[in-house]
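The opening position of the sequence shown corresponds to residue 1 in the numbering used here, with each subsequent residue numbered one higher.
Worksheet for the structure shown next.
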Amino acid sequence: MKRNSFTQDIDSKRPKLEEEDVNMSADQEQQKKEDFFAPVGEAAEEVDQSREFNDEGIRQTGAQDAEGHPVQEIQSLCMNCHENGITRLLLTRIPYFREVIIVSFNCDHCGFKNSEIQPASSIQEKGSKYVLKIENKEDFNRQVVKSETASSKFVELDFEIPPKRGQLTNIEGLLTEMISDLEADQPARKEVDETLHNKIDEFIQKIKSTLNGDEGRLPITFELDDPAGNSWIEFIPNEAAHKWSHSEYIRSDEQNVLIGIITQDQLDDIRIKRAQELAANKDRNPTSTGFISDQTDIENFENEVQTFAATCPTCYVPCETHMKVVNIPHFKDVIIMSTVCQSCGYKSNEVKTGGAIPEKGRRITLHIEEPEDLARDILKSESCGLSIPELNLELNPGTLGGRFTTIEGLLTQVLEELHGRVFTETSDSMDETAKSRWTGFFENLQEAIDGKKKFTVKMEDPLAGSYIQNVYAPDDDPNMEIEDYERTFEQNEDLGLNDMKV
């Protein structure tokens, strides 16, 4: 009788168990489809406590991400209660970016928890700046890698988040965390300074209204600036070009101190050495302004290549920078600068346009009809944006810096740099659809370089410092259109002209 009751009980529960198995299979399948760079610590939730720490103090948990990277544990000192806690580490790759280390700390003694993200690669050769135009609520879901050296800014909201711990989050997470930090101290502020309390409360409501996408609050501009070059804003392929941009820049001496490449004492020594070199050059040539000329004591900028002392931005060994003033016919004088470090091999070259800031910006449109047009000289300044609609190519201001080359040379440089980034840094995480799309883009770009495709080059420079050679000069070029336009308030603001007093 007992056996029959037990059998009947199992039979009655079997449909429920089978249903749970089906649900578990569906959940597991859904989990596989999720991004492998999930929220910090999620991959390390299931830990086999029976595993022991090895001689190096590391324990393998048995958990791993979608690519098979293991989650490891080490014992760490809790900074809250000073007892031993557990730190979980996961080395993983973020698609369209690079490898990172996700760190999650937990203390069983006091319950303190903390999580952060650290770059797995070295400090990059240049700093990087990302700009994202947030136009709807969905844009707040963009993932953000914010290293400990990066600062972020919401331009229209007029506030900036300074460098602090590394984070893998999204834009909404940054704003929500900031709101929580401000609200935590509001009761104390109200007792001390009620006016300040009310202003901060008004600001908090403004942030919440922006997060909700209320009318009039969007769009806003989000900027992420990292001197170490190890931060990132999620990029969505085939989106409008104005929404997302990335530019690189040479770090200043102060930024090198900030990210720990050099110490403040080393920076002081470098500045002293620079001053001594300039003073020595002044003694050798009292009429000069610090430039060194091996031709004559009289500075002739139009006929000579000028050389002056500099410091390599990579290894900080003294090097030389060469400068030459070049007159571009039917345009203006420009300065070509080149730096080569004999110690580490660092090389850079750029073009600077001189003269007063023009009252209007300039748009130049050139229709490439013949392969000979690819040999035209082109000057692209740092403030110039360039687009080629037929190739789906758009270069934001700051991309490639200032360049004086030919149209063929510019397209070749774009092909080489972009191809190296796409198929070296992201090839492991790129799906077949994206890889096919990029392959087609590079094939079209190569056809344009080979003169097999007609296309249109469009340049827009708010400082009117860019140029394309007119082969019909001094007559008008039938294939080229030049238009001067009034700069917008935003363009003047970006160039620092609104607050300039002359």
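Backbone N, C-alpha and C define an ideal beta-carbon position, used for all residues, glycine too.
Just so we're clear, the structure is a prediction, and the values are computed from it rather than from any experiment.
> Considering R433, what are the terminal residues of the alpha helix (DSSP H) in which it resides?
Replying inline: For this step, residue 433 is matched to residue 433 along the sequence shown. Looking at the sequence shown, residue 433 is not Arg but Thr. E432 to I449 is the span of the alpha helix (DSSP H), which, as asked, contains T433.
>> Using C-beta distances below 7 Å, list every residue in its chain close to T221, excluding the 5 sequence neighbours before and after it, in chain order.
In response: Counted from its first residue, the sequence shown places residue 221 at position 221. Same-chain partners within the cutoff: V131, K133, V155 and E156.
>> Can you look up D333 in the DSSP assignment and give me helix, strand or coil?
In response: Indexing the sequence shown from 1 puts residue 333 at position 333. In the three-state scheme derived from DSSP, where H, G and I count as helix and E and B as strand, D333 is classed as strand.
>> Suppose you measure from the CA of N159 to the CA of K153; what does that come to, to the nearest Å?
In response: Working through the sequence shown from its first residue, we reach residue 159 at position 159. Working through the sequence shown from its first residue, we reach residue 153 at position 153. What sits at residue 159 in the sequence shown is Phe, not Asn. Straight-line measurement puts the Cα of K153 at about 6 Å from the Cα of F159.
>> Contact defined as beta carbons within less than 8 Å: I believe G127 pairs with G213. What is the distance between those atoms, to the nearest angstrom?
In response: Working through the sequence shown from its first residue, we reach residue 127 at position 127. Working through the sequence shown from its first residue, we reach residue 213 at position 213. In fact, because the Cβ distance is near 32 Å, the residues do not count as touching under 8 Å.
> Using a Cβ-Cβ cut-off of 6 Å (strictly less than) and excluding sequence neighbours within five positions of E320, which residues of its own chain qualify?
Replying inline: Taking the sequence shown and counting its residues from 1, the one referred to as residue 320 is at position 320. Excluding residues within five positions, the ones whose Cβ falls inside 6 Å are T307.
>> Does E443 pass the burial test, meaning 16 or more other C-beta atoms within 10 Å, or should it be called exposed?
In response: As a first step, residue 443 is located in the sequence shown; it is residue number 443 there, counting from the start. Around the CB of E443, fewer than 16 other CB atoms lie within 10 Å, so the residue is classed as exposed.
> Using the beta-carbon count (16 or more within 10 Å), is Y467 buried or exposed?
Replying inline: Taking the first residue of the sequence shown as 1, we reach residue 467 at position 467. With 16 or more Cβ atoms within 10 Å of its Cβ, Y467 is classed as buried.
>> DSSP three-state label for V326, please.
In response: Taking the sequence shown and counting its residues from 1, one reaches residue 326 at position 326. In the displayed model, V326 falls within a strand according to three-state DSSP.
> Skipping 5 residues on each side, what residues in its chain have a beta carbon closer than 6 Å to that of I58?
Replying inline: If you number the sequence shown from 1, residue 58 lands on position 58. Cβ within range, chain order: Q72 and I74.
>> Excluding the 5 residues flanking K243 on each side, which residues of the same chain have their C-beta closer than 6 Å to its C-beta?
In response: Counting from 1 along the sequence shown, the entry for residue 243 is found at position 243. By the criterion of a C-beta distance shorter than 6 Å, K243 is surrounded in its chain by K133, once the five residues flanking it on both sides are discounted.
>> Distance check for R363 and D484, CA to CA, integer angstroms please.
In response: Against the sequence shown, residue 484 aligns to sequence position 484. Against the sequence shown, residue 363 aligns to sequence position 363. A direct Cα-Cα distance of roughly 6 Å separates D484 from R363.
>> Measuring straight from C-alpha to C-alpha, what distance separates G345 and V317?
In response: For the purposes of this step, residue 345 is identified with residue 345 of the sequence shown, where counting begins at 1. For the purposes of this step, residue 317 is identified with residue 317 of the sequence shown, where counting begins at 1. Those two C-alpha atoms are separated by around 11 Å.
> Quick one: is K454 buried, meaning 16 or more other Cβ sit within 10 Å of its Cβ, or exposed?
Replying inline: The residue you call residue 454 lines up with position 454 of the sequence shown. By the C-beta density criterion, K454 is exposed, having fewer than 16 other C-beta atoms within 10 angstroms.
>> Using a 10 Å radius around the Cβ and a threshold of 16 neighbouring Cβ atoms, would you call D265 buried or exposed?
In response: Stepping through the sequence shown from its first residue, residue 265 is reached at position 265. So D265 ends up on the exposed side.
>> In the DSSP output, which residue or residues are listed as bridge partners for R362?
In response: To locate residue 362, count along the sequence shown from 1; it is residue 362. In the DSSP output, where bridge partners are listed per residue, R362 has D461 and D484.
> When DSSP labels each residue in this structure, what does T314 get in the three-state scheme?
Replying inline: Taking the first residue of the sequence shown as 1, we reach residue 314 at position 314. In the three-state reduction of the DSSP assignment, T314 falls in the coil class, being assigned neither a helical nor a strand state.
>> Comparing C-alpha positions only, which one of L374, A375, R376 and T456 sits nearest to L386?
In response: Position 386 of the sequence shown, counted from the first residue, corresponds to residue 386. Answer by Cα proximity: T456.
> Taking Cβ to Cβ, would you say N198 is nearer than 7 Å to N170?
Replying inline: Numbered from 1 along the sequence shown, position 198 holds the residue referred to as residue 198. Numbered from 1 along the sequence shown, position 170 holds the residue referred to as residue 170. In this structure, the beta-carbon distance from N198 to N170 does not fall below 7 Å.
>> As a quick exercise: from A309, Q342, V340 and V351, pick the residue whose alpha carbon is nearest that of N327.
In response: Stepping through the sequence shown from its first residue, residue 327 is reached at position 327. Comparing Cα positions, the closest option is V351.
>> Judging by CA-CA distance, which residue of L400, N84, I259 and L445 is the nearest neighbour of H246?
In response: For the purposes of this step, residue 246 is taken as the residue at position 246 of the sequence shown. The candidate whose alpha carbon is nearest that of H246 is L400.
> By the 10 Å Cβ neighbour count, where 16 or more other Cβ atoms means buried, how is R88 classified, buried or exposed?
Replying inline: Translated into the one-based positions of the sequence shown, residue 88 becomes position 88. The C-beta of R88 has 16 or more other C-beta atoms within 10 Å across all chains shown, which makes the residue buried.
> Three-state secondary structure (DSSP) at I123?
Replying inline: The residue given as residue 123 occupies position 123 in the sequence shown. I123 sits in coil when the DSSP states are folded into three classes, being neither helix nor strand.
> Rounded C-beta distance between L175 and I204? I'm assuming under 8 Å.
Replying inline: Here the question's residue 175 lines up with position 175 in the sequence shown. Here the question's residue 204 lines up with position 204 in the sequence shown. Not really, about 10 Å apart at Cβ, beyond 8 Å.
> When DSSP builds the beta bridges, which residues end up paired with A367?
Replying inline: Residue 367 sits at position 367 when you count from the first residue of the sequence shown. The question names Ala, but residue 367 in the sequence shown is His. Beta bridge pairing from DSSP links H367 with T456.
>> For a test of the three-state rule: what should DSSP assign to L495, helix, strand or coil?
In response: In the sequence shown, residue 495 corresponds to position 495, counting from 1. In the structure shown, L495 sits in coil (DSSP, three-state: anything other than H, G, I, E or B).
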